[in-house]
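Residue numbers (the numbering used here), protein chains in the order written: chain B, 1 to 537; chain G, 1 to 130. Every residue, glycine too, gets a C-beta built ideally from N, C-alpha and C.
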């Protein structure tokens, strides 16, 4: 496909790839409809008689409750077993008055002020996550914008710029401008002849001049024009206030050496592009809505210890999660099991060898979140940061500012650490009060107000969460095992974020449940024989 | 490699000064290797997250096995294999620890936490399991 400028799409992508690296290439491709998003096709409409069939659902997270809701609506007899004392699973919000005891009996009393909270798990809902957003709409869960990208937030490297945090907008404008300058000059001086035709070159230079805010000599220099992007040294005033003065630019060398470009693109990935949302009052508003919609069909504090499937049904045995030994067995015609494989692999079962191998081939990722409450919103009052995220090379990875209750005089809660990988393992390995101390120590390098204003905090170290033993499922070899886990094992289907191509996201959990429900219903109504072709083709 | 050596020296200097603190933490998004070299320090920097500070393990909806008094630790090969490759819900940790670090922590868990199994392992032996 050629456009009028004579530049092929592939040619353009090659140029984008050459100029900006693979992530920009991916972003460009996504913009052109090549990269996938959610497969959600709208509300399920199951037709056909379930013939009085019963379904046992294991787990009352979003996957389990989605299945419970849809099957109930279609006329199935549904029962849910849940280990926790409440619904939601990883769709979980901690508020003042809550007590959370992690493995090892480390107990935390949450002391946040009224209205403040920490979303321990998922905290944002991208526009692409059509299923989550649709359930929120249908269930009346009020959403508000989640501010992912704030140009006033900081980029910080403890080993660059003398450890002083830099404003996102300054790095963004200066990095873009100076790269555009380099490229524009190279093209203008015919140094990229092999890559760009003469005709394209002129159009490209024109675009780079605009894109990078370059002057007529194709230079990115201190100017009023540039200050409109990176900010002024003296801000515009009124009356006989001093005239505005342009700000100094930061050299490309300093940006590159300081690696402050590293987090510029986070907000441009398809999972983080604005608009992006959060439920008003905390993520578990979604869990509460689901729990309300499915009604009184959940048995809480039920620790499943045995699952026994046959050709005609499934039975599950549970004991009290609070340490009881008395066993209760429930039976149903079918089962949708959303128990994380980290737990399921330890439950006695008679799944097929292939299913057991699949379950054993999933390990659970580490992650750490720390919520810190401060007596006042100094990030707003002193730093003019309203929502969004500052990024750092320190072990806390980032500081996220609340996207609600702006300009409030009361205390506010920051996400003071959200890390993965090695740093997260280290945070998981220490006691909650030590995590807080480290988060304060690191965070005060970006916001010196930390120590003075700190009030209280709470952490969720995912490998110590008693009911999941990790953050989300990772397949050692998805190509080898995933298909086995997707198949119905006698009368049981698996669902949850681990059973999706959107792992760790609530969207993946819901999509996997909808897919399982459709296949279960097809089995019950005999519809699968009439539809031999795979769905979605 | 050079980076790792400098980290090791840094950690050792910290240990000597007794200032083991937040500096023992890995920076976000840079080095994936933990800085600790001593077996006990490595244990407390990563293993204790699941197996707990005293090696007693923990029980919730599922369980983390105790390392204290665990007969599976009789041969060093078993923990070496699990640390590198993971097993079931346990993540592979081979990218966070080099051979010498794995040898140190395996020696630690086999000789401490109430265990007293015979023999020592070393980096060269661990390397054969990679």
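Report task. Kindly say whether residue 104 (chain G), judged by its beta-carbon, lies nearer than 7 angstroms to any beta-carbon of chain B. Result -> At a cut-off of 7 angstroms between C-beta atoms, residue 104 (chain G) does not count as an interface residue with respect to chain B.
Query - Three-state secondary structure assigned by DSSP to residue 294 (chain B) - result: Assignment of residue 294 (chain B) by DSSP, reduced to helix, strand and coil, places it in the helix class.
Report task. Could you tell me whether the Cβ of residue 66 (chain G) comes closer than 7 angstroms to any Cβ of chain B? Result -> It does not: the Cβ of residue 66 (chain G) has no partner Cβ on chain B nearer than 7 angstroms.
Query - Pairwise C-alpha distance: residue 338 (chain B) and residue 508 (chain B) - result: Rounded to whole angstroms, the gap between the alpha carbons of residue 508 (chain B) and residue 338 (chain B) is 12 angstroms.
Query raised in the report: If you draw a straight line from the C-alpha of residue 122 (chain B) to the C-alpha of residue 273 (chain B), how long is it?
Result: Cα atoms of residue 122 (chain B) and residue 273 (chain B): separation of roughly 16 angstroms, rounded to the nearest angstrom.
**Report entry** Contact list for residue 32 (chain G) against chain B, beta-carbon separation under 9 angstroms
**Finding:** Neighbours of residue 32 (chain G) in chain B, taken as residues at a C-beta separation under 9 angstroms, are given in chain order as 421 and 422.
Query raised in the report: Taking C-beta to C-beta, are residue 271 (chain B) and residue 126 (chain B) nearer than 7 angstroms?
Result: The Cβ atoms of residue 271 (chain B) and residue 126 (chain B) lie closer than 7 angstroms to each other.
Query raised in the report: Relative to the C-alpha of residue 99 (chain B), which residue among B:93, B:326, B:105 and B:109 is closest?
Result: Considering only alpha carbons, the answer is B:109.
**Report entry** Residues in the segment 78 to 91 of chain G having any Cβ partner in chain B nearer than 9 angstroms
**Finding:** Taking 9 angstroms as the upper bound on Cβ-Cβ separation, chain B lies near residues 85, 86, 87, 88, 89, 90 and 91 of the segment 78 to 91 of chain G.
Query raised in the report: Buried or exposed: which applies to residue 320 (chain B), given that a residue is buried once 16 or more other Cβ atoms fall within 10 Å of its Cβ?
Result: So residue 320 (chain B) counts as exposed.
Query - chain B contact for residue 108 (chain G) (CB, 7 angstroms cutoff) - result: Using a CB distance cut-off of 7 angstroms, residue 108 (chain G) does not count as an interface residue toward chain B.
Report task. Tell me where the beta strand (DSSP E) around residue 307 (chain B) begins and ends. Result -> That run of the beta strand (DSSP E) goes 302 to 309.
Query raised in the report: Among the residues of its own chain, which have a CB less than 7 angstroms from the CB of residue 242 (chain B), if the five just before and after it don't count?
Result: In its chain, beyond the 5 residues on either side, 234 have a beta carbon closer than 7 angstroms to the beta carbon of residue 242 (chain B).
Query raised in the report: Are residue 493 (chain B) and residue 516 (chain B) close, meaning C-beta to C-beta below 7 angstroms?
Result: Less than 7 angstroms divides the Cβ of residue 493 (chain B) from the Cβ of residue 516 (chain B).
Query - Contact with chain G by residue 324 (chain B), beta-carbon distance below 7 angstroms - result: Interface annotation, residue 324 (chain B): not in contact with chain G, CB-CB separation never under 7 angstroms.
Requested in this report: Could you tell me whether the Cβ of residue 62 (chain G) comes closer than 7 angstroms to any Cβ of chain B?
Outcome: Interface residue, yes.
Query raised in the report: Taking the C-alpha atoms as reference points, what is the distance between residue 355 (chain B) and residue 179 (chain B)?
Result: Rounded to whole angstroms, residue 355 (chain B) to residue 179 (chain B) spans 51 angstroms at the Cα level.
**Report entry** Short-range partners of chain B found in the segment 34 to 48 of chain G, where Cβ spacing is below 8 angstroms
**Finding:** Listed by position along the chain: 34, 44, 45, 46, 47 and 48.
Requested in this report: Quick one: using the 10 Å Cβ neighbour count with 16 as the cut-off for buried, is residue 166 (chain B) buried or exposed?
Outcome: Buried, since its Cβ has 16 or more Cβ neighbours within 10 Å.
Query raised in the report: Pairing CB atoms from the segment 84 to 97 of chain B with CB atoms from the segment 249 to 257 of chain B, are three or more of them under 8 angstroms?
Result: No, the segment 84 to 97 of chain B is not in contact with the segment 249 to 257 of chain B.
**Report entry** Interface positions of the segment 380 to 406 of chain B facing chain G (Cβ-Cβ less than 9 angstroms), listed along the chain
**Finding:** Within the segment 380 to 406 of chain B, the residues whose Cβ lies closer than 9 angstroms to some Cβ of chain G are 391, 392, 393, 394, 395, 396, 397 and 398, listed in chain order.
Requested in this report: Step through the CB atoms of chain G and report whether any lies within less than 7 angstroms of the CB of residue 103 (chain B).
Outcome: With its beta carbon less than 7 angstroms from one in chain G, residue 103 (chain B) belongs to the interface.
Requested in this report: Please go through the same chain and pick out, in chain order, the residues whose beta-carbon is closer than 6 angstroms to the beta-carbon of residue 346 (chain B), but skip the five residues on each side of it.
Outcome: Excluding residues within five positions, none has a Cβ falling inside 6 angstroms.
Query raised in the report: What is the DSSP secondary structure of residue 60 (chain B), counted as helix, strand or coil?
Result: In this structure, residue 60 (chain B) counts as coil in the three-state DSSP scheme.
Query raised in the report: When Cβ atoms are compared, which residues of the segment 337 to 356 of chain B fall closer than 9 angstroms to chain G?
Result: Residues of the segment 337 to 356 of chain B that bring their beta carbon within less than 9 angstroms of a beta carbon in chain G comprise 339, 340, 341, 342, 343, 344, 345, 346 and 347, in sequence order.
**Report entry** Three-state secondary structure (DSSP) of residue 79 (chain G)
**Finding:** Of the three classes helix, strand and coil, the one that applies to residue 79 (chain G) here is helix, per DSSP.
Query - Stretch pair the segment 84 to 99 of chain G + the segment 128 to 144 of chain B: three plus CB contacts closer than 8 angstroms - result: Because the criterion of three Cβ pairs below 8 angstroms is not met, the segment 84 to 99 of chain G and the segment 128 to 144 of chain B do not touch.
Query raised in the report: Can you tell me the Cα-Cα spacing of residue 208 (chain B) and residue 385 (chain B), whole angstroms?
Result: Whole-angstrom Cα-Cα distance: 30 angstroms.
Report task. Measure from the C-beta of residue 429 (chain B) to each C-beta in chain G and report whether the shortest distance is under 7 angstroms. Result -> Yes, residue 429 (chain B) counts as interfacial toward chain G.
Requested in this report: To the nearest angstrom, report how far apart residue 160 (chain B) and residue 259 (chain B) are at their CA atoms.
Outcome: Taking the straight line joining both Cα atoms gives about 8 angstroms.
Query raised in the report: Which chain G residues are close to residue 544 (chain B), counting only those with a beta carbon under 9 angstroms from its beta carbon?
Result: One cannot answer for residue 544 (chain B) here, as it falls past the ends of chain B, which runs 1 to 537.
Report task. Mind checking the segment 430 to 447 of chain B against chain G and listing, in chain order, the residues whose C-beta falls within less than 9 angstroms of any C-beta there? Result -> For the segment 430 to 447 of chain B, the residues whose beta carbon sits under 9 angstroms from a beta carbon of chain G are, in order, 430, 431, 437, 438, 441 and 442.
Query raised in the report: Does residue 58 (chain G) come within less than 7 angstroms of chain B when only Cβ atoms are used?
Result: Cβ-Cβ to chain B under 7 angstroms: yes for residue 58 (chain G).
Requested in this report: Give the single residue among B:196, B:497, B:407 and B:89 whose Cα lies nearest to the Cα of residue 286 (chain B).
Outcome: Restricting attention to B:196, B:497, B:407 and B:89, the CA atom closest to the CA of residue 286 (chain B) is found in B:89.
**Report entry** Which residues DSSP lists as bridging residue 87 (chain G), in chain order
**Finding:** G:90.
Report task. Drop a sphere of 10 angstroms on the beta-carbon of residue 79 (chain G), count the other beta-carbons inside from all chains shown, and report buried for 16 or more, exposed for fewer. Result -> Counting Cβ neighbours within 10 Å, residue 79 (chain G) comes out buried, since at least 16 surround it.
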